[in-house]
Amino acid sequence: MKQRRRTSIVAGACLVFCLAASVVTLHGTDKLRPQATIEDVLFVSSPKVLKRASLGYDGLLADIYWTRAVQYFGWRHYNESKSYNLLAPLLEITTHLDPHLVVAYQFGASFLAPAPPGGAGQPERAIQLMEYGIQNNPDDWKLYYDLGFVYYMNLHDYKNASDAFARGSKVPNAHPFLRLLAAQMAEHAGDFDTARMLWSATYQNSQDKQIRQNAIEHLRGLRVDEDVTHLQEAVTRFGARTGRLPASITELATAESLPGIPADPDGHPYKLMSDGHIEVRSPDDFSFATKGMPPGYKPVTKFHYGQP
Amino acid sequence: MNARIGYIASNTFREAVRDRVLYNLIAFAVLLSGAAILVGQISIDIEKLVVINLGLTAVSLFGIVIAIFIGIGLVSKEIEKRTLYTVLSRPVRRWEFIVGKYFGLAGTLVVNTFFMAIGVFAALFYVSHKFVRADALILVALYFIVLEFLIICSLALLFSSFSSPLLSAVFAFSLFVVGSFAEDLRGFAGMAHGLTRWLATGAAYLVPNFSAFNVISSIAHEQPVAAQLIWHNTLYALFYAAMALSGAVLIFERRNLK
Numbered sequence: 003m004k005q006r007r008r009t010s011i012v013a014g015a016c017l018v019f020c021l022a023a024s025v026v027t028l029h030g031t032d033k034l035r036p037q038a039t040i041e042d043v044l045f046v047s048s049p050k051v052l053k054r055a056s057l058g059y060d061g062l063l064a065d066i067y068w069t070r071a072v073q074y075f076g077w078r079h080y081n082e083s084k085s086y087n088l089l090a091p092l093l094e095i096t097t098h099l100d101p102h103l104v105v106a107y108q109f110g111a112s113f114l115a116p117a118p119p120g121g122a123g124q125p126e127r128a129i130q131l132m133e134y135g136i137q138n139n140p141d142d143w144k145l146y147y148d149l150g151f152v153y154y155m156n157l158h159d160y161k162n163a164s165d166a167f168a169r170g171s172k173v174p175n176a177h178p179f180l181r182l183l184a185a186q187m188a189e190h191a192g193d194f195d196t197a198r199m200l201w202s203a204t205y206q207n208s209q210d211k212q213i214r215q216n217a218i219e220h221l222r223g224l225r226v227d228e229d230v231t232h233l234q235e236a237v238t239r240f241g242a243r244t245g246r247l248p249a250s251i252t253e254l255a256t257a258e259s260l261p262g263i264p265a266d267p268d269g270h271p272y273k274l275m276s277d278g279h280i281e282v283r284s285p286d287d288f289s290f291a292t293k294g295m296p297p298g299y300k301p302v303t304k305f306h307y308g309q310p
Numbered sequence: 077m078n079a080r081i082g083y084i085a086s087n088t089f090r091e092a093v094r095d096r097v098l099y100n101l102i103a104f105a106v107l108l109s110g111a112a113i114l115v116g117q118i119s120i121d122i123e124k125l126v127v128i129n130l131g132l133t134a135v136s137l138f139g140i141v142i143a144i145f146i147g148i149g150l151v152s153k154e155i156e157k158r159t160l161y162t163v164l165s166r167p168v169r170r171w172e173f174i175v176g177k178y179f180g181l182a183g184t185l186v187v188n189t190f191f192m193a194i195g196v197f198a199a200l201f202y203v204s205h206k207f208v209r210a211d212a213l214i215l216v217a218l219y220f221i222v223l224e225f226l227i228i229c230s231l232a233l234l235f236s237s238f239s240s241p242l243l244s245a246v247f248a249f250s251l252f253v254v255g256s257f258a259e260d261l262r263g264f265a266g267m268a269h270g271l272t273r274w275l276a277t278g279a280a281y282l283v284p285n286f287s288a289f290n291v292i293s294s295i296a297h298e299q300p301v302a303a304q305l306i307w308h309n310t311l312y313a314l315f316y317a318a319m320a321l322s323g324a325v326l327i328f329e330r331r332n333l334k
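Chains A and B supply the protein sequences, listed in that same order. FYI, in the working numbering the residues of the first sequence are 3 to 310. FYI, in the working numbering the residues of the second sequence are 77 to 334.
Rendered as structure tokens:
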């Protein structure tokens, strides 16, 4: 009995020690080969083969591939990667396995369309994905909205954006704003108002916290872009009138009869630089603003998985 | 059902419970609760989908594995342990033994599925905090899964009546895989010509067609299932299981047990 007990203790200790040693060794191997992770490998790239291999359990496999696509995008986005080679194939597999997984089209397009590091910079693949989604879910008006969104925001193709919104407006139970967007797009493409309308619609039509936060960030960025554009025009007018640049933002506000010192969405007054440029005080607080940034400023990437 | 079949069935059920078959429920519970918690953290907007897809897939796969691995041993184990002779020396006919075993295994799987279904609904409630009318469709998927089990049980028993456990497992599992491709096989038959067409068509209708039973994905998207499909699948499963069971009885009746 004593002998058997001793053997058990030795074997148990040996097991624990060897397990720990193998984990440590593997950890070391991973450090030696940081790029050799399974993350960048798609062993089976054909959606048709995978669908067959799923033995009918394609719904679960689609969920797994969708989660993998989210993780792939999230990790690369977090690391500010410039290449997202596997993203489109992962989304293609996901949507072929489950053509009714609407969330994969909606978010997938917003992963694919924006330029790196915000996204994969593949708006054409995003369009393909959305069209495939519409083909399989023709009664889902949100897909038309997202398609128009990609055309508008990423490709600046206002005609196709208008067409997508118009197509969506004909779907039964479509939200009335699609018709409005189609008309707005045709008349005022590229306006701040149109962009604001799109982001407001995104905010209102999502229950997802991060998407709503993302829409807010974009609306803040748009407001900065619009303010800076107007203030820059005011500086030009001031120069034309007086032959010099305004000495301060206060002088500019007084000369233009503005109601107060112009401020950004956080309430911080805009800065007038010595060369006449308008800048925000805290550029990092407006990650999606394209104007009012210091020269050479690189925006801090924030992890927003919503639309660009 | 005569009393002797009932006794054999209840003994088969008890034996399965004694073999700790229902322990798979623990693995199922861990899998489902883990997925329900984890998926919300690592994926986007598919918590409910995953609970339904994973839950029903697990119910199906666990059940198929149980059906195959218990079914293949139902007859051979009795012969090996020589308990079959004790049973057959009493006024029990061979066909009653086979049918009783079948009902015992099917009953085990129904009970197992019942507990797993409770787990699926509990996980669903955990992620959605409420039930909606469309959730009732899950019951249809569970019913189809049970129908699938009826077929698999009968096949496992059929193979068990003449083959060794290992070969029975291989045959039953292969037939399950081939049955999942039955629609493709029929498509292939449609494209073929001459004798190949006849052979392929024959094979397509001979193997069990499991693809019609798999509605998990569409139910996860709250798409309704046609009442006709429920009716057709029920009839098909009953006919197919009865056919395989008849085959098992035929073979077992003629088998030399000396």
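In this text, a Cβ means the ideal position worked out from N, Cα and C, and glycines have one as well.
How about residue i and residue j: are their beta carbons less than 9 Å apart?
i	j	result
B:Ile84	B:Phe225	no
B:Ala313	B:Phe289	yes
A:Tyr146	A:Gly110	no
A:Asn138	A:Thr97	yes
A:Tyr59	B:Leu137	yes
A:Val105	B:Ile327	no
A:Leu221	A:Ser202	yes
A:Gly14	A:His79	no
A:Gly223	A:Phe167	no
A:Ala117	A:Val152	no
B:Glu337	B:Leu213	Outside the shown range of chain B (77 to 334) lies residue 337 of chain B, about which nothing can therefore be said.
B:Leu261	B:Gly323	no
A:Phe75	A:Tyr67	no
A:Ser284	A:Asp266	yes
A:Gly150	A:Pro101	no
A:Ser48	A:Leu99	no
A:Pro264	A:Asp229	yes
A:Lys144	A:Asn216	no
A:Asn156	A:Ala128	yes
B:Tyr202	B:Ser287	no
B:Val291	B:Phe220	yes
A:Ala257	A:Arg243	yes
B:Ser230	B:Val151	no
B:Leu101	B:Phe191	yes
Give me the chain A residues within the contact set of residue i, using Cβ-Cβ distance strictly less than 7 Å, ordered along the chain.
i	result
B:Asn290	Gly58
B:Leu160	The premise fails here: B:Leu160 is roughly 34 Å from chain A at the closest Cβ pair, so nothing lies under 7 Å.
B:Ala296	Gly61
B:Val253	Leu57
B:Val301	Within 7 Å Cβ-Cβ: nothing; B:Val301 doesn't reach chain A, min ~14 Å.
B:Thr133	Tyr59 and Leu62
Whole-angstrom Cβ separation of residue i and residue j, contact assumed at under 8 Å?
i	j	result
B:Ile228	B:Ile140	6 Å
B:Phe145	B:Ala245	7 Å
B:Val175	B:Leu311	In fact, because the Cβ distance is near 20 Å, the residues do not count as touching under 8 Å.
A:Leu103	A:Ala71	No, A:Leu103 and A:Ala71 are not in contact; Cβ-Cβ is about 11 Å, not under 8 Å.
B:Gly131	B:Val216	No, B:Gly131 and B:Val216 are not in contact; Cβ-Cβ is about 14 Å, not under 8 Å.
A:Met132	A:Tyr154	Not confirmed; about 13 Å, so no contact.
B:Ala280	B:Ala265	5 Å
A:Phe240	A:Leu260	Rounded, the Cβ-Cβ distance is 12 Å, inconsistent with contact.
At 9 Å on the CB atoms, spell out the chain B contacts of residue i, in chain order.
i	result
A:Asp100	Leu125, Asn129, Ser293, Ala296 and His297
Opposite residue i in the DSSP bridges: which residues?
i	result
A:Glu281	A:Lys273
B:Ala105	None; B:Ala105 has no bridge partner.
A:Ala265	A:Pro271
What residues of chain A sit near residue i, judged by a beta carbon separation below 8 Å?
i	result
B:Thr189	Chain A residues near B:Thr189: none, gap ~16 Å exceeds 8 Å.
B:Ser256	Leu57 and Gly58
B:Ile118	Thr69, Val72 and Gln73
Residues of chain A with a CB under 9 Å from the CB of residue i: which are they?
i	result
B:Val115	Asp65 and Thr69
**Asked** Along the stretch 67–85 of chain A, what residues have a CB closer than 7 Å to any CB found in chain B?
**Response** Within the stretch 67–85 of chain A, the residues whose Cβ lies closer than 7 Å to any Cβ of chain B are, in chain order, Trp68, Thr69, Val72 and Gln73.
**Prompt:** In chain order, what residues of the stretch 103–118 of chain A put their CB closer than 9 Å to some CB of chain B?
**Reply:** Taken in chain order, the members of the stretch 103–118 of chain A whose beta-carbon sits within less than 9 Å of a beta-carbon on chain B are Leu103, Val104, Val105, Ala106, Gln108 and Phe109.
**Item:** Residues in the stretch 127–160 of chain A having any Cβ partner in chain B nearer than 9 Å
**Value:** Those residues of the stretch 127–160 of chain A that come within reach of chain B (Cβ to Cβ, closer than 9 Å) do not exist; the list is empty.
**Asked** When you check each C-beta in the stretch 257–279 of chain A against every C-beta of chain B, which residues fall closer than 9 Å?
**Response** If the cut-off is 9 Å between Cβ atoms, the stretch 257–279 of chain A has nothing near chain B.
**Item:** Contacting positions in the stretch 77–95 of chain B - beta carbon closer than 9 Å to chain A
**Value:** Result list empty, no residue passes.
**Prompt:** At a Cβ cut of 7 Å, what residues of the stretch 271–291 of chain B count as close to chain A, listed as they run along the chain?
**Reply:** Correct list: Phe286, Ser287 and Asn290.
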